[in-house]
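Participant:
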Amino acid sequence: EPEVTQTPSHQVTQMGQEVILRCVPISNHLYFYWYRQILGQKVEFLVSFYNNEISEKSEIFDDQFSVERPDGSNFTLKIRSTKLEDSAMYFCAEGTATYEQYFGPGTRLTVT
Amino acid sequence: RKEVEQDPGPFNVPEGATVAFNCTYSNSASQSFFWYRQDCRKEPKLLMSVYSSGNEDGRFTAQLNRASQYISLLIRDSKLSDSATYLCVVSGGDMRFGAGTRLTVKP
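Residue numbers (the numbering used here), protein chains in the order written: chain L, 1 to 112; chain U, 113 to 219.
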């Protein structure tokens with residue numbers, strides 16, 4: 001099974017800075033997702049993306065966050081003006097029409 | 113009430129044991145159900161989808177009871193490599209994860 005990849009594996013940033021997390025999905029899947037997992041807590045859904053549009057988003061996904069697929073392959077999550085509480089693992093996933101999802105290895109974001 | 117609730121665990125079992133995990137969900141409109149496993153500091157990996165008729169994949173059996181809004185996972189003949197956190201996941205457009213149940217299989 002080809003793997004979803006994410007870059008960087010670890011990002012350290014200062015509070016108030018903007019970060020862009022990148023995901024390179026496997027081809028042929030149409031559904032893309034971002035999740036976060038704060039250390040020791042459960043995986044939380046952020047947003048789903050289908051046909052180059054946001055299809056669902058959670059209450060966490062506020063104006064601080066945005067997603068893009070700028071070149072038709074990479075899938076990015078931008079976090080503006082990061083806060084300490086944004087420190088977490090961020091996973092992208094891609095999925096099928098039956099909602100089975102395949103996760104990337106994650107980006108560990110540390111906000112200092 | 114939590115949207116997806118799982119046994120708190122942890123479960124510590126010897127190799128070869130049978131272990132069962134339970135999960136309940138609150139959204140009756142949920143459409144798809146899954147079990148994922150997550151190793152420490154790794155990404156969740158799909159273990160199996162869960163169907164109303166129940167389904168089996170080797171040593172793993174999953175059951176769904178829509179009326180009771182209840183999902184289960186049974187692991188038979190557990191192996192050391194089964195040690196992980198098992199996540200119950202429910203989808204109704206977005207995906208809602210349970211907090212997970214930690215399983216440790218000991219020699």
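Positions of the beta carbon are idealized from the N, C-alpha and C atoms, including for glycine.
If we ignore side chains and look at the alpha-carbon of each, how far apart do P156 (chain U) and V43 (chain L) end up?
Facilitator: Residue 156 (chain U) sits at position 44 when you count from the first residue of the second sequence. Residue 43 (chain L) sits at position 43 when you count from the first residue of the first sequence. P156 (chain U) and V43 (chain L): Cα-Cα distance of roughly 9 angstroms.
Participant: Can you name the residues of chain L whose CB is closer than 7 angstroms to the CB of E155 (chain U)?
Facilitator: Your numbering for residue 155 (chain U) matches position 43 in the second sequence. Here the neighbours are F91, F103, G104, P105 and G106.
Participant: Sort U:R208, U:C200, U:A174 and U:K154 by Cα distance to S33 (chain L) and report the nearest one.
Facilitator: The sequence position of residue 33 (chain L) within the first sequence is 33, counting from 1. Correcting the residue type first, residue 33 (chain L) is Tyr in the shown sequence and not Ser. Among U:R208, U:C200, U:A174 and U:K154, the Cα nearest to that of Y33 (chain L) is on U:R208.
Participant: Short of 7 angstroms in beta carbon distance, which residues of its chain neighbour S73 (chain L), apart from the five on each side in sequence? Order them along the chain.
Facilitator: Your numbering for residue 73 (chain L) matches position 73 in the first sequence. Closer than 7 angstroms at the Cβ level, and outside the excluded window around S73 (chain L), lie V24.
Participant: Output the boundary residues of the beta strand (DSSP E) element that contains K78 (chain L).
Facilitator: Counting from one through the first sequence, the residue named residue 78 (chain L) turns up at place 78. Its beta strand (DSSP E) spans residues F75 to I79.
Participant: Quick one: what does DSSP say E168 (chain U) is sitting in, helix, strand or coil?
Facilitator: Working through the second sequence from its first residue, we reach residue 168 (chain U) at position 56. The answer is strand: DSSP assigns E168 (chain U) an E or B state.
Participant: Which stretch, first to last residue, makes up the beta strand (DSSP E) that contains N52 (chain L)?
Facilitator: By one-based count along the first sequence, residue 52 (chain L) stands at place 52. It is not in any beta strand (DSSP E) - N52 (chain L) carries neither H nor E in the DSSP assignment.
Participant: Check the DSSP bridge columns for Y99 (chain L) and list the partner residues they point to.
Facilitator: As a first step, residue 99 (chain L) must be located in the first sequence, where it is residue number 99. The partner list for Y99 (chain L) (beta bridge, DSSP) is empty, contrary to what the question assumes.
Participant: Any C-beta of chain U within less than 7 angstroms: which residues of the stretch 58 to 75 of chain L qualify?
Facilitator: Of all residues in the stretch 58 to 75 of chain L, S58 have a Cβ within less than 7 angstroms of some Cβ in chain U.
Participant: At what residue ranges does the stretch 137 to 198 of chain U contain a whole run of the beta strand (DSSP E), taking only runs of 3 or more?
Facilitator: Runs found: 144 to 150, 157 to 162, 167 to 169, 172 to 177 and 182 to 187.
Participant: The beta strand (DSSP E) with M66 (chain L) in it runs from where to where?
Facilitator: Residue 66 (chain L) sits at position 66 when you count from the first residue of the first sequence. The question names Met, yet the displayed sequence has Ser at residue 66 (chain L). Its beta strand (DSSP E) spans residues F65 to E68.
Participant: Closer than 6 angstroms by C-beta to G95 (chain L): which residues in its own chain qualify, once you throw out the five before and the five after it? Chain order, please.
Facilitator: Residue 95 (chain L) sits at position 95 when you count from the first residue of the first sequence. The answer, listed in chain order, is Y31 and Q101.
Participant: Looking only at C-alpha atoms, which of U:T136, U:P126 and U:S190 sits nearest to A179 (chain U)?
Facilitator: Here residue 179 (chain U) refers to the residue found at position 67 when the second sequence is read from its first residue. The shortest C-alpha separation from A179 (chain U) is found at U:T136.
Participant: Note down the Cα distance separating Q181 (chain U) from Q6 (chain L), rounded to an integer number of angstroms.
Facilitator: Here residue 181 (chain U) corresponds to residue number 69 of the second sequence, with the count starting at 1. Here residue 6 (chain L) corresponds to residue number 6 of the first sequence, with the count starting at 1. Each residue's alpha carbon lies about 35 angstroms from the other.
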